[in-house]
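Protein chains: 2
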Amino acid sequence: MAPKKQILNKEDYIPNLAFDSVIFGFNGKKLKILVLEYRNTGLYALPGGFVRRNESLEEAVKKGVSERTGLKNIYLEQFRTFGDVKRFDPEPMKRILEMNGLDITSHSWLLDRFITVAYYALINFEKVMPKPDPLSDGIDWYSLDELPPLMMDHQQIIEKALETLRENLDKKLLGMNLLPKKFTMKELQQVYEAITGTSFNRSGFQRKMLGANTLLRHEKRFSGNSHKAPYLYSFKTTHTTIG
Amino acid sequence: MAPKKQILNKEDYIPNLAFDSVIFGFNGKKLKILVLEYRNTGLYALPGGFVRRNESLEEAVKKGVSERTGLKNIYLEQFRTFGDVKRFDPEPMKRILEMNGLDITSHSWLLDRFITVAYYALINFEKVMPKPDPLSDGIDWYSLDELPPLMMDHQQIIEKALETLRENLDKKLLGMNLLPKKFTMKELQQVYEAITGTSFNRSGFQRKMLGANTLLRHEKRFSGNSHKAPYLYSFKTTHTTIG
DNA sequence: TTCTATTGTTACATATTGTTACAATAGTAC
DNA sequence: GTACTATTGTAACAATATGTAACAATAGAA
Numbered sequence: 001m002a003p004k005k006q007i008l009n010k011e012d013y014i015p016n017l018a019f020d021s022v023i024f025g026f027n028g029k030k031l032k033i034l035v036l037e038y039r040n041t042g043l044y045a046l047p048g049g050f051v052r053r054n055e056s057l058e059e060a061v062k063k064g065v066s067e068r069t070g071l072k073n074i075y076l077e078q079f080r081t082f083g084d085v086k087r088f089d090p091e092p093m094k095r096i097l098e099m100n101g102l103d104i105t106s107h108s109w110l111l112d113r114f115i116t117v118a119y120y121a122l123i124n125f126e127k128v129m130p131k132p133d134p135l136s137d138g139i140d141w142y143s144l145d146e147l148p149p150l151m152m153d154h155q156q157i158i159e160k161a162l163e164t165l166r167e168n169l170d171k172k173l174l175g176m177n178l179l180p181k182k183f184t185m186k187e188l189q190q191v192y193e194a195i196t197g198t199s200f201n202r203s204g205f206q207r208k209m210l211g212a213n214t215l216l217r218h219e220k221r222f223s224g225n226s227h228k229a230p231y232l233y234s235f236k237t238t239h240t241t242i243g
Numbered sequence: 001m002a003p004k005k006q007i008l009n010k011e012d013y014i015p016n017l018a019f020d021s022v023i024f025g026f027n028g029k030k031l032k033i034l035v036l037e038y039r040n041t042g043l044y045a046l047p048g049g050f051v052r053r054n055e056s057l058e059e060a061v062k063k064g065v066s067e068r069t070g071l072k073n074i075y076l077e078q079f080r081t082f083g084d085v086k087r088f089d090p091e092p093m094k095r096i097l098e099m100n101g102l103d104i105t106s107h108s109w110l111l112d113r114f115i116t117v118a119y120y121a122l123i124n125f126e127k128v129m130p131k132p133d134p135l136s137d138g139i140d141w142y143s144l145d146e147l148p149p150l151m152m153d154h155q156q157i158i159e160k161a162l163e164t165l166r167e168n169l170d171k172k173l174l175g176m177n178l179l180p181k182k183f184t185m186k187e188l189q190q191v192y193e194a195i196t197g198t199s200f201n202r203s204g205f206q207r208k209m210l211g212a213n214t215l216l217r218h219e220k221r222f223s224g225n226s227h228k229a230p231y232l233y234s235f236k237t238t239h240t241t242i243g
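In structure tokens form, the structure reads like this:
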């Protein structure tokens, strides 16, 4: 029998501490989330990871989200740390390790209780090439209303992420992170509607956005359809990576 | 020489994880914060603590804040987790242990790097009997503009706490937690002004508060001063402990 | 009774937001 | 070219909300 692999060295990481990321994208119609599927287990989870002893929490999260999406300079926002005792359930992780041919004993620290720091990320849907992590063989976009059953408290984490995202929508200029550099007013409104789950009055939305003095107007976009062509806009400010 | 004491058993706690609390009170004029002074070190810090292996993060924080204030049912809100590598500096903790006559070797886990989850608490200033923690001999109220130099990144933690408190001021009914059950409109306005650091128009403030439909009007309060007596109010809702 | 400081409420001006209406226009059909 | 359609940008008006000042009420002191 082949010797079991060892990939997550206990000594390299801060024990009992993890991070999870809710990675939001917008496909033009709906808000989507990246969900991992662990190899041969039927277990679905948010992309996450651990913090090395010599790296900051933020560095770890940036690295993890970059690896899953193939993007650099991702907009990230920390929104909550989850520390319930109920988060402690070694069985799923045991199965994940087994299915990946990993040695349980040397990875037993992964079966312990974990406190997790949760972040959400906003990314440009079109630019992403999702990549599974070393323990999973699937990663895919899911709409909020079609999520698979998720491990542990990950469903709750998503709900809190969405709640925070909605609260921050006007405060910070979040729309920009989900859209290409140039976009029409209608596309911007669709992002807002997808995030809030409500609809806005077209005229009022336009006035509010132009009034905020954060948009630059560019050339028109001729779509080939038989109606007036909309202007393209971009945000004046460049996006911040960590808010 | 007497054997050195042992009080924080490594096995009982989750390593590398702490919490810190920014405990706000209102003395009628200013917003105040509780700050600890560690025994014979001249080191000032926010009240904090560690999480036991078998208790939730929230339980640990509630217990810690209750011990420092003597109160139960405290309004608490988690606002950020700090995970910089720069937080790692063993010297202050070493001095604190020495000055408390504690054995360094068996407490060496306290000298390691810590990620801290920060909460703010809002409490009724009049009801609090501050008590130092086992490692400190002083705990006192400080105004935000007269804070002593604080350990590590505690100043930064306070700033983030205040920022979040201001953002939440209207969203959640925070005023109630800083005032006695019954209060006048002027007292409520003073709390708002102390938190935001701005002043409000009296008439507009009254209209907004009454319009929010969250206040109950009670009898007048006769202060013995020669002017119209103000009504007393209370909040309709009872406060929530964790937001 | 008169006076003062403060309070509760109203009145009015101004600003913001919600809604509707209308003109402009890129393409299609003819 | 003209007529037509779908969509867009903006203006117009109405409905609310907010900022500010004014005014009447009143608890006590003089």
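If you read the protein sequences in the order shown, they are chains A and B.
If you count the first sequence from 1, position 22 lands on 22 in the working numbering, and the numbers rise without skipping.
If you count the second sequence from 1, position 138 lands on 138 in the working numbering, and the numbers rise without skipping.
Ideal Cβ placement from N, Cα and C applies to all residues, glycine included.
**Study point:** Whole-angstrom C-beta distance between Ile7 of chain B and Val102 of chain B, which should lie under 8 Å
**Key:** Strictly speaking, residue 102 of chain B in this sequence is Leu, with Val absent from that position. Right, the Cβ-Cβ distance comes to about 7 Å (below 8 Å), so this counts as a contact.
Practice item. Mind checking which residues open and close the beta strand (DSSP E) that includes Gly138 of chain A? Key: Ser136 to Ser143
Exercise for review: Note the first and the last residue of the continuous alpha helix (DSSP H) segment covering Ile157 of chain A.
Suggested key: His154 to Asn168
Exercise for review: Please classify Gly243 of chain A: does DSSP put it in a helix, a strand, or coil?
Suggested key: Model confidence at Gly243 of chain A stands at a pLDDT of 48, short of 50, so the residue's coordinates are unreliable; what they give is reported in the following sentence. Three-state result, Gly243 of chain A: coil.
Review point. Closest by CA to His154 of chain A, which one among A:Leu122, A:Asp133 and A:Ile115?
Key: A:Ile115
Practice item. Return the chain-ordered ranges of every beta strand (DSSP E) run that is complete within the segment 31-86 of chain B and spans a minimum of 3 residues. Key: Counting only runs of 3 or more, we get 31-38, 48-52 and 75-82.
Review point. Looking at the C-beta of Gly243 of chain A, does it have a partner C-beta in chain B at a distance below 8 Å?
Key: Below a pLDDT of 50, predicted positions are generally treated as unreliable, and Gly243 of chain A, at 48, falls in that range; the measurement from the model is reported next regardless. Closer than 8 Å: no.
Check your understanding: Ile14 of chain A CB to nearest chain B CB: under 8 Å?
Key -> yes
Review point. Going by C-alpha distance, which of B:Gly224, B:Glu163, B:Glu55 and B:Val128 is nearest Phe26 of chain B?
Key: B:Val128
Point to revise | Beta-carbon proximity check, Met209 of chain A vs Leu216 of chain A, cutoff 8 Å | key: No, Cβ-Cβ distance for Met209 of chain A and Leu216 of chain A is not below 8 Å.
Check your understanding: Tyr142 of chain A and Leu76 of chain A: beta carbons closer than 8 Å?
Key -> The answer is no: Cβ separation not under 8 Å.
**Study point:** Straight-line gap, Lys131 of chain B to Ile123 of chain A (C-alpha atoms, nearest Å)
**Key:** A direct Cα-to-Cα measurement between Lys131 of chain B and Ile123 of chain A gives close to 47 Å.
Exercise for review: Return the chain-ordered list of same chain residues with a C-beta closer than 6 Å to the C-beta of Arg95 of chain A, the five sequence neighbours on each side being excluded.
Suggested key: Non-local beta-carbon contacts of Arg95 of chain A in its own chain, meaning distances under 6 Å to residues more than five positions away in sequence, involve Thr41 in chain order.
Review point. Near Leu36 of chain A, what residues of its chain come up, given a Cβ to Cβ distance below 6 Å and the 5 sequence neighbours on each side ignored?
Key: Shown here for Leu36 of chain A: same chain residues with a beta carbon closer than 6 Å to its own, the five before and five after excluded, namely Ala45, Pro47, Ser136 and Ile139 in chain order.
Practice item. Could you please tell me which residues of the segment 101-117 of chain A, in chain order, have their CB closer than 8 Å to any CB of chain B? Key: Cβ contacts with chain B come from Arg113, Ile115 and Val117.
Check your understanding: Is the beta carbon of Gly83 of chain B sitting closer than 8 Å to the one on Leu57 of chain A?
Key -> yes
Point to revise | CB contact below 8 Å: Gly204 of chain A versus chain B | key: no
Point to revise | C-alpha gap between Val65 of chain B and Arg202 of chain A, whole angstroms | key: Approximately 49 Å, taken between the alpha carbons.
Point to revise | Straight-line gap, Ile104 of chain A to Leu97 of chain A (C-alpha atoms, nearest Å) | key: 7 Å
Exercise for review: Go ahead and pull the three-state DSSP assignment for Ala118 of chain B.
Suggested key: strand
Check your understanding: Cα separation between Lys171 of chain A and Thr69 of chain A?
Key -> 26 Å
Check your understanding: Any idea if Phe222 of chain B is buried or exposed, counting beta-carbon neighbours within 10 angstroms, 16 or more meaning buried?
Key -> exposed
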